[in-house]
Structure formats: C-alpha cells, structure tokens
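So this is what it looks like as structure tokens:
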C-alpha cells in the first residue's frame, strides 16, 4: 500500500493511497532500519508491569461517531491509510510507519515557516489520533512500541479541547489494549507535574494555554485513566515517588510538582497519606542536607546567604512564577570555567536550598491551616493525628532536621487538646523501655524545646513537665550512681540529656515555676524577681540540687552555654548556687572516666582519647525549636514563639565593666541565637 503526501498541497504526513510523492520528507526506509531501538524502548515496561485486573472494555463512541475531513480525505480514508501503514510495518515495510512516527516526533518543534503552509495541521493530526484509536488492536503489538513512544512524547496539552479529548481516548484505548502501556502512560502524565513554564506545554501553531488550564486538562486525563482502570492507583503511587524532582532541581520545579500532588489527592483520597508523607519526607531530606551544607560553610558565606534572602518579598502569591527565581542562581556552574568562584557557587547552592525549604513549608502551612479553623473539633484532631504520625516516623528520627518540625510546633499550639496529644506522644517515646536510646533522647529534646519555646503552652503544663522530668531523673540517678566513677557521657547519655532538657526549660520558663513571690515582685518585670525570696514548685529546688551535686556531676557534661546561663539565673533568683561546682569542674578531665567497650568490661581509662577536646565528651546544645529563620514562611510562627529575653541587671558585674559586650558575646542573646541556630548545630548527638 503506497502511502504518500499530496502533490498538490504538499504537506508532510499521510495522504490518499495511489498518489506518488513529489519529494520524500523522510530518509529511505533502508536507512531508517526496519525496527529501530526506539521500537523496543517500551519492552522493558511491558515485562515489568502487570496488567490491571479486570480491565474495563472502553467504548469510544463519541470519537468514532465524529466525521472528519482531513485535507480532502474522509475519516474512513485516513483510517485505511493508518491501518495499511501498520500492516506494512508488520510485514517489514517501514516506510509509511516511519512517516507516522515522524509526524508525531516533529509535532512540537515544527517551525513557523512550515506552519504557514500546513494550515490545517492541528485537524490533520487529530484525524490521525482518531484513526490510531480505531486501530488500537494493532498497536498492542510490541513491534509498535516505537510509534507509541513517539505519540506519548508529542505535544497535546497545549492544543484545543477537541484534540485533548481525542488524545485522552487514545491513551485509555492503549491501556485497554495492552496493560503494559499503563506505566509509560502514567509516567508521561506524572512527569508533567513538574511543568511550570508555558514553553513546556505550548504548541507553536496553537493559541496560548494558561498553566491553570493545562493542569485542568492534565488532571482530567489522570482521573479518566484511573476511573477506567482502578488498579492503576497502585502504579501511580510508585510513580509519584519515582518522578519526584531531584534535590538539586530548582524551587519552581519542586513547587509545581508539590502543587500537583496536593491536587491529585483530592480525587484519589486513598493516596492522601502517601502524598503527604512523600512531600514531608523530601522536605526533611532537603532540610537535613541544607544543615550539613551550612555547617561546612564558613560564617562569611552563611552571612551572604542570609543577606541575599532578606530581599525576598514577605508574601508571594505563587512560588512557581518565573520572576520569583533569579535565573543566575539556577544556572549550572562549570568548575573548569576559569572564572569559576567556589564561594559564589556555594552561596548559590545554599540559597537555592533555603528558598526551596521556605517555599515548601510555606505551602504546607497554608495547606493545613483550613483544617484547624475550629481547632477543638474532631476534624482538627484527625488532621493533627496525620501531622503527629508524620512527625513520629519522619521528623523525630532525623537529627539534622532544622525547620520541618515547626509544622507540628505551630499546629500543636492551636488548642489544648492538640498540645496534650503532642506532649503525650513525646513523653511516651522518651520514657518507654522498649524505645531505642537515640529516639528517647530526641523525644526529650523535643519535649523540653516545645515546652520552653511554645508561647501558647500553659504554665500548668510547664510545671507538670518540669516535675515529670525531675521524677525520671531520680530514677536514672538511682540506677546509674552505683556504677558511676565520674561523669561519663557515653555510659549515662540518657541521664545527661534529660538533665540538660530540664535546665533548658528552667532558663526559658522559670517564671512559670515560681508559685509564690513577695508583693514587690511585678510579674511583667522579670528583673523584679532578682534577689527575692521566691517559692518554687514542689520540692524542685531540693530535687534538682540532688541531681546537680550528685556523683554523676551533670554540669560537667551538659553544654557549657546552657550551664552558664542556668548558673546565672539560679544564683540571682536564689534558686541554687552552683559556681563553686562549675569552677571545680574546670579541673576535671572527662577522658579519665571513659569506659572501655571491649570484652574486659572494666571502667578503664582510654588514653587514646586524651588528645581530644573536652567538648567531644559533652552534650550538643541542640534543641529542635531554636529560632526559625526562613524569610517568608516564618510569618506563620509570629505569635507562637518565646524568644530569649535578657534580664536587665542579671549580669550586673559584667555590665559595670562593659555594657555593650554582653550583647555581642552572650551565647544565649536572642540575636546571636537567631543568627547561629538557624545555620549551625554544633556537634552531633552521641
């Protein structure tokens, strides 16, 4: 069956049988080959994908009953041409089959000069889509994989609505004919979740299509496929994880994909948990990697990144707009370029990660907020249980997470019921005997940090948690002191991490621990408490004193910055005087108490550690709700956060010497914390 283009009209493509081409638009079939590698590209997918169970029979009456005229030929003529091309291909003659492939292959990239002569190209292409649908039983043969691949790569979302519907029916027909086409078809659709620039879906000879309309069409197609083949949901679940943008992809690409995932779960509710877990899992990975990058970056580069981010607008209507991204920051940098600047490249890389974190978390805050319109309702509690589950499985075990945890920090404070649920789960994790030590320590840090930093955490809960920690400290002390030779972080880590958490709460929420004060004390003026005789909750003074002055000597192991601040507060508030112990601890070397982990089982001194810095054997001052610094999304936390406030007169002796030095050098000064804790986490959890 010789198939050719029309000599009179001269358009490329298929034409009426019996007409001889004036000039072939393709290379001879002998050059193209009888079956190229592209024909077999879908074979791997064919063998890897199981057919959907009970595939529904698809009827395409609305396509079959439409009458087209394609460049003077009826729809029946085009169908015969397509069928003959496929039949010839099966017999080894690829000439017209290759014309079909070429037609879809150059569909998106046709130049304007050709378009002027083609005129009805869109209608012609649609005619072939309908004709291919009518020949679907032939396309299921694996020899036609090359043509199917070319069809899937063609531009279709940017064409008119009639073409999109015809193409949608063709996709469904392909899956119906052979289930192995399901994965490549869904893969093609999911890949388009990343598209955010019009150039990704526009067609040169078609009117411009907005991003919103493109996505309406894209999701209508996904939904149609899922309705026809319900078993496809399982394939889709795997694909959305596999097609997620790479970590070094730009921010608009990530945001386009995430917005499409959130839309997907609206019509596939069975994937809601998987979608939310996937997004948060990727956010945690970006977050933790960003912290590693910042720790490996010197202070000047970090300051440059933070300075660059200050120029971003506080509110953005969409994170996908091209004007929100500096193209110079997203361009690849060639390290062999003579003008390559390593510091500039690192600034761009870190800035890109920060922007992605900011964009994704801002979107997640916005997404979850409507569910908490009535925070005391069962609906809000159900939404919170999802956040709590994600936190427990994804965030809590990740030590380097720096910002992702603020989602639950924010929503846990919306209502007392939610606060109790969050604290209750942290307590259960921290003190259950079957919990791994690393999770126990992480849960204790989260509990202390939440109680200390949560502006809406009531004083009654602060007192309850503080006394609970003292109770468990006493249990640990009774367990460890009989085998203790001196402070040893490695052996008694759970005890020290819990004691440090207790000190941290005291430093931030000591006013909530005061149950009675003289009339001269003004609750609104922290400085008025200094030097007064205060009554503290329960036996907290005695109980904490027993821990601090005990054989385990926790002040030698806890982070010096926290010990220093506790010492100042405890002394000036007449709570406890620990300076003599702090001074004597300076003469103690922690290495002399290190335990051997070898088979001897004895508490032997390991001289190999003598040369290491003492800080290696002390706790990291890590508390996960240290100040949040992402420039746009921090707006969600404006009223949720207790910032560190220096107490006037607390350091009177230093202020007499140099009033300005404290602001610059005090490690717990609010500005210093905000600059450092957002970019640094000194050390790692042992």
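In the UniProt record's numbering, the protein residues as written are 1 to 686.
A virtual CB, placed ideally from N, CA and C, is assigned to each residue, including glycine.
This one's a predicted model, so the numbers in the text were calculated from it and none came from an experiment.
- Put simply, the backbone Cα of residue 520 is about 8 Å away from that of residue 528.
- Between the alpha carbons of residue 162 and residue 129 lies a distance of about 11 Å.
- Collapsing the DSSP output to three states places residue 179 in a helix.
- If you draw a straight line from the Cα of residue 249 to the Cα of residue 468, it is about 46 Å long.
- Around the C-beta of residue 347, 16 or more other C-beta atoms lie within 10 Å, and the residue is accordingly described as buried.
- Counting other Cβ atoms within 10 Å of its Cβ, residue 245 reaches 16 or more and is therefore classed as buried.
- Per the coordinates, the alpha-carbon of residue 360 lies some 30 Å from the alpha-carbon of residue 203.
- Spatial neighbours of residue 365 in its own chain (CB-CB distance under 8 Å, excluding positions within 5 residues in sequence) are listed in chain order as 407, 410, 633, 636.
- Residue 147 has its alpha-carbon roughly 10 Å from the corresponding atom of residue 99.
- Across the structure, residue 501 and residue 448 are spaced so that their CA atoms are roughly 5 Å apart.
- With a cutoff of 8 Å on beta-carbon distance, residue 624 and residue 358 are scored as not near each other.
- Straight across, the Cα-Cα distance linking residue 86 with residue 97 is about 6 Å.
- By the C-beta density criterion, residue 355 is buried, having at least 16 other C-beta atoms within 10 angstroms.
- The beta-bridge partner set that DSSP reports for residue 156 is empty.
- Sixteen is the threshold: when 16 or more other Cβ atoms of the shown chains lie within 10 Å of the Cβ of residue 94, as they do, the residue is buried.
- Here residue 476 is actually not in contact with residue 446; their C-beta atoms are around 19 Å apart, not less than 8 Å.
- Restricting attention to 222, 216, 150, 143, the CA atom closest to the CA of residue 182 is found in 222.
- The continuous beta strand (DSSP E) containing residue 514 extends over residues 514–516.
- Here residue 158 really is in contact with residue 206; their C-beta atoms are around 6 Å apart, less than 8 Å.
- The C-alpha of residue 551 is placed about 11 Å away from the C-alpha of residue 478.
- Taking one beta carbon from each stretch, the stretch 376–390 and the stretch 249–269 have fewer than 3 pairs nearer than 8 Å; the two do not touch.
- The DSSP-derived three-state label of residue 536 is strand.
- By DSSP's assignment, residue 454 forms a beta bridge with 641.
- Of the candidates 352, 104, 213, the residue whose Cα lies closest to the Cα of residue 160 is 213.
- Membership of residue 97 in the alpha helix (DSSP H) is indicated by the continuous run 95–105.
- Assigned with DSSP and collapsed to three states, residue 402 falls in coil, not helix or strand.
- Pairing residue 518 with residue 273, the inter-Cα distance amounts to about 54 Å.
- By the criterion of at least three beta-carbon pairs nearer than 8 Å, the stretch 190–199 is not in contact with the stretch 135–151.
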